[in-house]
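What follows is a short report on a single structure.
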Amino acid sequence: MTTERADAPPPGLMQIFLAFSKVGLTSFGGGLSGWMMREFVGNRRWLTEGEFLDGLSLCQALPGVNVVNLSIWIGYRLRGGRGALAGALGMVVPALILALGVVALAGEAVRGPAAHWMLAGVAAAALGLSIQMGLRAAWRAARRGVAPAAIVAATFVALFALRLPLIWVVLVMAPLGIAQAAWAMSRRGGG
13 MTTERADAPP
23 PGLMQIFLAF
33 SKVGLTSFGG
43 GLSGWMMREF
53 VGNRRWLTEG
63 EFLDGLSLCQ
73 ALPGVNVVNL
83 SIWIGYRLRG
93 GRGALAGALG
103 MVVPALILAL
113 GVVALAGEAV
123 RGPAAHWMLA
133 GVAAAALGLS
143 IQMGLRAAWR
153 AARRGVAPAA
163 IVAATFVALF
173 ALRLPLIWVV
183 LVMAPLGIAQ
193 AAWAMSRRGG
203 G
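Listed below in structure tokens is the structure:
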């Protein structure tokens, strides 16, 4: 995946809306953020990988649905408040209309065993996308130094090995991560 942004001017509001509509209509389950990264970093080059992962980290720490938060953040990054609105509407509205249509047309059919098998397959693919993006983010943290890698590792251990509540892990690790990043920026002369 490329990490360079194209030299093209920022996309228009309709381009933002349509791009998020495409992602919202062609993605399933937990893999949405992975699909967004592929679309906006790799294919469209609207953001660098670092920008995307920084935005994703921020959006995961906010309340609400991560991918909607991320669509707002990306839209804002590209075109300000109107871009944020275009991104959010593009992510939510077309998928909502499609979902309502499917439920209305196939309400009884989705209760059968075939639907459960299909959804299990889609969930496996979405999980693969999420793992790929998580590994990419962890690798990026490891390249930044020992302290960011230790924060990632401690967060992983706290959540998955020790099974500590997410809110407490975030309340402890987020300030540590912020403090470490601020310290690193001050050492580089960036803050």
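What the sequence shown shows, in my numbering, is residues 13 to 203, in sequence order.
For every residue, glycine included, the Cβ atom is placed at its ideal position computed from N, Cα and C.
Just so it is clear, the structure is predicted and the values come from calculations on it, not from any experiment.
Look up residue i in the DSSP assignment and say whether it is helix, strand or coil.
{"i": "residue 167", "result": "helix"}
{"i": "residue 39", "result": "coil"}
{"i": "residue 194", "result": "helix"}
{"i": "residue 77", "result": "coil"}
{"i": "residue 151", "result": "helix"}
{"i": "residue 57", "result": "coil"}
{"i": "residue 189", "result": "helix"}
{"i": "residue 146", "result": "helix"}
{"i": "residue 21", "result": "coil"}
{"i": "residue 91", "result": "helix"}
Between residue i and the rest of its own chain, which residues show a CB-CB distance below 7 Å, the 5 nearest in sequence each way excluded?
{"i": "residue 46", "result": "141, 142, 144, 145"}
{"i": "residue 231", "result": "Because residue 231 is not part of the residues shown, which for the chain are 13 to 203, the question remains open."}
{"i": "residue 166", "result": "185"}
{"i": "residue 84", "result": "96, 99, 100"}
{"i": "residue 78", "result": "45, 71, 72"}
{"i": "residue 49", "result": "64, 145"}
{"i": "residue 189", "result": "163"}
How is the alpha helix (DSSP H) around residue i delimited, first residue to last?
{"i": "residue 51", "result": "Per DSSP, residue 51 belongs to no alpha helix (DSSP H) and is neither H nor E."}
{"i": "residue 64", "result": "61–73"}
Does any CB atom of chain B fall closer than 8 Å to the CB of residue i?
{"i": "residue 22", "result": "Protein chains in the displayed structure number just one, and chain B is not present."}
Please list, in chain order, all residues of the same chain as residue i whose beta carbon is under 6 Å from its beta carbon, the five residues on each side excluded.
{"i": "residue 171", "result": "181"}
Less than 8 Å between C-beta atoms, sequence neighbours within five positions excluded: which residues of the same chain meet that for residue i?
{"i": "residue 38", "result": "47"}
Taking 7 Å as the cut-off, is the CB of residue i close to at least one heavy atom of the ligand ATP?
{"i": "residue 44", "result": "The ligand ATP is absent from the structure shown, which contains no ligands of any kind."}
*Mind pulling the alpha helix (DSSP H) runs of 4 or more residues that sit fully within the region 96–133?*
none
*Flag this pair as touching only if the region 53–69 and the region 132–141 have three or more C-beta atom pairs under 8 Å; answer yes or no.*
Counting C-beta pairs with one atom in each stretch, the region 53–69 and the region 132–141 have fewer than three that are closer than 8 Å, which means they do not touch.
_When you compare the region 74–88 with the region 149–158, are there three or more beta-carbon pairs, one atom per stretch, that lie closer than 8 Å?_
no
*Report yes or no: do the region 32–39 and the region 93–108 share at least 3 C-beta pairs separated by less than 8 Å?*
Touching, per the Cβ criterion.
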